[in-house]
Amino acid sequence: MSMDREPTVIARTVTRLVVPMILVTAIALLFQGHNLPGGGFIAGVLTVVAFALVYIIFGLDYLQTELFERVSVSVPYDPETGIVKEFGSIFALGLAVAAGSGIVAMAFGRPFLTQGILFVEPLPIYEYLEVASALVFDLGVYAVVVGGLLTITAVVGEE
Amino acid sequence: MQPPGGQFGAFETSQAELGSVKSRLPYHWGVQPDRVVVFAVVVVPFLGAALTPLVYRVLGERTAYYAAAVAAVCLGLVANLGLSGAHGTVSVPWIPEYGVSLAFYVDGLALLIATLASGVGVLVFTYSGGYMHGEPGQKKYYATLLAFMGSMLGVALAADLIALFVFWELTSVSSFLLIGHYQDADSSQYAARKSMLITVAGGLFMLVGFVLLHDASAGALGEATFRLAGDDSMLANAGAMVDALRAEGLFVPVLLLVGMGAATKSAQVPFHIWLPNAMEAPTPVSAFLHSATMVKAGVYLVGRFRPLLFSDPEWVLVFAVLGLVTMTVAAILAVGASDIKELLAYSTASHLGLIVAGFGLSGYVGAETGAFHILNHALFKAALFLVAGIIAHEAGTRAISELGGLREDLPMTAAVTVVAALGMAGVPPFNGFYSKELLFEGAWHVAEHQAGAGSPLWWLLPAVAVFGSVFTFLYSIRFLMLFFGEKPGELGEVGSPPLAMTLPAVVLGGLALVVGLGGVTATVGVHLEPLESFVASVANSAAVGGTEHEAISYHLPTEVTPYVLMSAVTIAVGAVAYPFFDRIRDGVRTVRSVDPLRPNWYYDNGTGALDRSSVVDVVQTGLLRTYAAALALATAGLALGAYAAAGVAVPDLALAGLETALIVVLLVAAIGAVAVTAAPSHISGVLTLSIVGFMVAIFYILASAPDLALTQLVIETLVLVIFLLVLDKLPAFYGGPSRLRAGRDAIVAGAVGLTVTVTVLVSTAGTPNDVIAQYFVANGGVPEEHPAFFLDAGGGGNIVNVILVDFRAFDTLGEISVIAMAALSVITLIAMRDRGETQ
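The following block contains the structure:
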């Protein structure tokens, strides 16, 4: 946000409170996705919303200087030195995880991207835990969405 | 069609006798080529090109030697094919629905072009290592050059017309990039555009010809095919193909269309104009693409189609005349050249004319001329281009008038030039002499035959051949004289070239010398067997109707024949005229400056007129709204048109029975949509627009689709947030649009809305077989009885997500790849746009 119009104290305080809540909600959506509404894509977009809010209220440099403790450089969103590099690694990693989860199935002689379910039981309190291999794939989706959309937001926002 | 080989019965016999002397071939024709080897020949250069950026990071300027190594691998594979005597087709299906396959055919002609592409490639890459030192854009240069080599090998080997066309145009595209190598120079841009426009346009003519051939093949072969060579191909059934074409009256059109492709690619008059401009490219590129290989694609096409389309007199009339006119006109223009590369460019067009003329002539000698001269020309012309590069590099100028007496400073280069330039002039015993002698022989025979049949006009053929050759002699000697005589005072220090530059030139010159000396030794009975049988195998590919020879025979003339006299006249007249070279050159320049005689004048005026015409202003406004409107209207028009053409019935709207809640939600959305158009500012417009989005989300909730609703809400929020981020930078409001523009936009918006509505109605009215849906429902959840670990069911309560990550995970993988790609393009287009070639 341009410097000529500082966001109000209310906006800054609310953002500080809301952003962690959004992030927690996003993670909850990611993990419950297999059985309840949610999933990697929705969780990813929600995470990006949280970051976008930070951008708007605290400015584009905030994440870079505060969170990643990087000195503000002359070209903040240079893809080789700026924060975009981290975003780039996030979506690259996500793509690798998603594709890799498919290749693991091939290593066991199954078709590409075959998913399995493992029930761990008995467990105290929860009785059982359902572990879906699809969660790994969904994590990949999540990372790609977060990395990709953040890259676009950061680069376009810098413009 | 004439009975093949019949018209010069006596002549063919004499050739056969000559051929029968040598039954000592290394070739065992008929061995099926190894599939892996053939495909590797074409794939390796493309792989090499893809890896070039990585290699460049490690090797830097020495990437030249990496590229040379890739070319050497290809040369090795081609040599392997040649020495094993491979002959035949290998193919894999490509688009089976249309009968298109990626088929490669190995025979003499294919091997010759492939050998030139990879062999000259090795030398040119090595030479580039010296020449390109310190030049910009080397990564792109080597990658493009390697990709070009792959395309050229593809052209040489392709046995399927569509595959041939694709590789053909790929060579045009890579040539475009290489001519425009110095991309900031206006002259480079002009030259690159010109060559692209002419060669690609010619390629499209050729494509039409191919499609007509495909049509005709249905009648001739029983089944339509794109297969040009091999079993059950057009070439294997040439007679039936010609009959089918003639029956439909398509023979001459096909001949002309294919000829158009060849003429534009091989710079035949009047399409020769792109070749001199193409000299804007770095000299190694000129040596490789614009003398030894790419321009040979056109003559290759003529040679390849000769057994199929040869006919008397159409074929002879088209190609012999085209070739001889080009040979003469381009040779005259070369005399008028003021720059050494310009001279070589016109000379190249001239010699390509000679090759086309050779293939245009009837009888085995025609095939022989074309085949032999392709080889000879590649050797001496590539050598001369490398020489020209050395001169430009070391003397700092390419102007003919400023150069002279280079012999003392560049002794090795001078020796190469003597061999190559005299070969180009057609002086015995150098290599060009023998193939030119074959041309004279063929032209004489055709004229004799046709004059005997009552058309004495055909005597013009040999006359023009001699006339053109005189000019060839003149400019060749002029080029040679750069190294002799007085060194002009203003020519400064001439350095000595690096070994990487002299060595390739010496190799090419040496090979040309060997070919020439082979003719001398053959006179006394010692033949250069591998060469003679190889050239014969090439000629056999272009020979008509099964006339084949095991070897050709070339040697110095031992008796006086009309064609020997023709050579003698050429050299004598050339030698007498040379002292008056400057006056002839000035004369040529005077004639050349008359506008209506210059094809360039037509080209420049034509493209200039198009440039200035109002069409460009209307279509290319540079405004995003124009392009968006065109895109939206085109999409809507195509979709609606397709529905109308397919006679799709639009189902009735079932409005009755809608829930009240739904109606309210949809009404609010509609009001929101209308309100957007009346919004007084950007901010309020965006906020109003989000009303529509959120109403759609509520609609999803009412329709029991919580996942969709969640996604819609989150996306809507994100879009709103991004809009707010961007809107801050925009002016508050632009002011009201004119009525006209608002009306136009309303039409576009209405058309798009109508299309979407119809599409939704039509697609939801379809009742697809819901087997797949039932399968998802049955297998998505956790089975009642299940082991601790199972693979055969989704095991999730949320069927949408199970479909996304399990049943259709492959689709999702594709979608997230798209997201990653979009992010990458944003990075490259916006964040990296200031970083051009300079690194």
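Which chain is which? The protein sequence lines are A and B, in order.
Mind the numbering: the first sequence is residues 1 to 159 in this note's numbering, read in order.
Mind the numbering: the second sequence is residues 1001 to 1839 in this note's numbering, read in order.
All C-beta atoms, glycine included, are put in the ideal place defined by N, C-alpha and C.
May I have the straight-line CA-CA distance separating residue i from residue j, to the nearest angstrom?
i	j	result
A/Ala11	B/Ala1822	32 Å
B/Ile1772	B/Met1241	49 Å
B/Ile1683	B/Ala1742	20 Å
B/Leu1081	B/Ala1158	15 Å
B/Ala1705	B/Gly1647	33 Å
B/Phe1807	B/Asp1770	16 Å
A/Thr153	B/Arg1612	41 Å
B/Tyr1098	B/Glu1223	12 Å
A/Phe119	B/Leu1727	50 Å
B/Leu1123	B/Tyr1602	38 Å
B/Gly1366	B/Leu1116	21 Å
B/Ile1698	B/Leu1761	21 Å
B/Leu1212	B/Ala1072	38 Å
B/Gly1396	B/Arg1407	16 Å
B/Leu1317	B/Ala1349	19 Å
B/Ile1400	B/Leu1422	18 Å
B/Arg1246	B/Glu1559	43 Å
B/Ile1340	B/Arg1398	6 Å
B/Phe1176	B/Lys1140	13 Å
Could you pull out every residue in the same chain whose Cβ sits closer than 8 Å to the Cβ of residue i, ignoring the five residues on either side in sequence?
i	result
A/Thr8	none
B/Leu1499	Gly1130
B/Pro1313	Gln1450
B/Ala1236	Ala1229 and Gly1230
B/Asn1392	Checking the sequence, you will find Ala at residue 1392 of chain B rather than Asn. Closer than 8 Å at the Cβ level, and outside the excluded window around B/Ala1392, lie Thr1283, Ile1340, Lys1341 and Arg1398.
A/Ile57	Met1, Pro7, Ala11, Arg12 and Thr15
Just to confirm my understanding: we take residue i, look at its own chain, exclude 5 residues before and 5 after, and list those with CB closer than 6 Å. What are they?
i	result
B/Ile1198	Thr1264, Phe1271 and Trp1274
B/Tyr1105	Thr1089, Ala1159, Ala1229 and Gly1230
B/Val1668	Met1695
Just to confirm my understanding: we take residue i, look at its own chain, exclude 5 residues before and 5 after, and list those with CB closer than 7 Å. What are they?
i	result
B/Ser1023	With a pLDDT of 36 at B/Ser1023, under the threshold of 50, the modelled position of that residue is not reliable, and the figure given next carries that caveat. Result list for B/Ser1023: Glu1550, in chain order.
B/Val1335	Phe1471, Leu1474, Tyr1475, Ile1584, Arg1585 and Val1588
B/Val1070	Val1044, Pro1045, Gly1048 and Leu1146
B/Gly1519	Pro1429, Tyr1434, Tyr1554, His1555 and Leu1556
A/Gly116	Ser133
B/Ser1084	Val1031
Exposed or buried, residue i, counting other C-beta atoms within 10 Å across all chains shown (16 or more means buried)?
i	result
A/Phe108	exposed
B/Ser1614	exposed
A/Leu129	exposed
B/Glu1437	buried
A/Tyr126	exposed
Can you tell me where the alpha helix (DSSP H) with residue i in it begins and where it stops?
i	result
B/Thr1372	In the sequence on display, residue 1372 of chain B carries Phe and not Thr. It spans Tyr1364 to Ala1395 - the alpha helix (DSSP H) in which B/Phe1372 sits, taken as one unbroken run.
B/Pro1462	Leu1460 to Leu1480
B/Pro1307	Lys1296 to Leu1309
B/Val1893	Chain B is shown from 1001 up to 1839; residue 1893 of chain B falls before or after that span and cannot be answered.
B/Glu1402	Careful: B/Glu1402 lies outside any alpha helix (DSSP H) and carries neither H nor E.
Check this for me: beta carbons of residue i and residue j, under 8 Å apart or not?
i	j	result
B/Leu1718	A/Ala52	yes
B/Phe1319	B/Val1356	yes
B/Ala1238	B/Leu1161	no
B/Val1042	B/Leu1153	yes
B/His1373	B/Ser1435	yes
B/Pro1504	B/Leu1386	yes
B/Ser1174	B/Val1200	no
B/Phe1840	B/Gly1137	Chain B is shown from 1001 up to 1839; residue 1840 of chain B falls before or after that span and cannot be answered.
A/Thr47	A/Val146	yes
B/Leu1077	B/Gly1119	no
B/Thr1369	B/Gly1353	no
B/Met1149	B/Gly1108	no
B/Val1295	B/Ala1267	yes
Given the structure, does residue i come close to the ligand MN, in the sense that its CB is under 7 Å from one of the ligand's heavy atoms?
i	result
B/Ile1715	Absence of the ligand MN from the depicted structure is noted, as is the absence of any ligand whatsoever, leaving it without description.
Could you spell out the range, first to last residue, of the beta strand (DSSP E) harbouring residue i?
i	result
A/Tyr128	Glu127 to Ala132
A/Val120	Ile117 to Leu123
B/Tyr1105	Val1100 to Val1106
B/Pro1093	Gly1088 to Ile1095
Taking CB distances under 8 Å as the criterion, tell me whether residue i reaches chain D.
i	result
B/Asp1707	Among the protein chains in the structure shown, which are A and B, there is no chain D.
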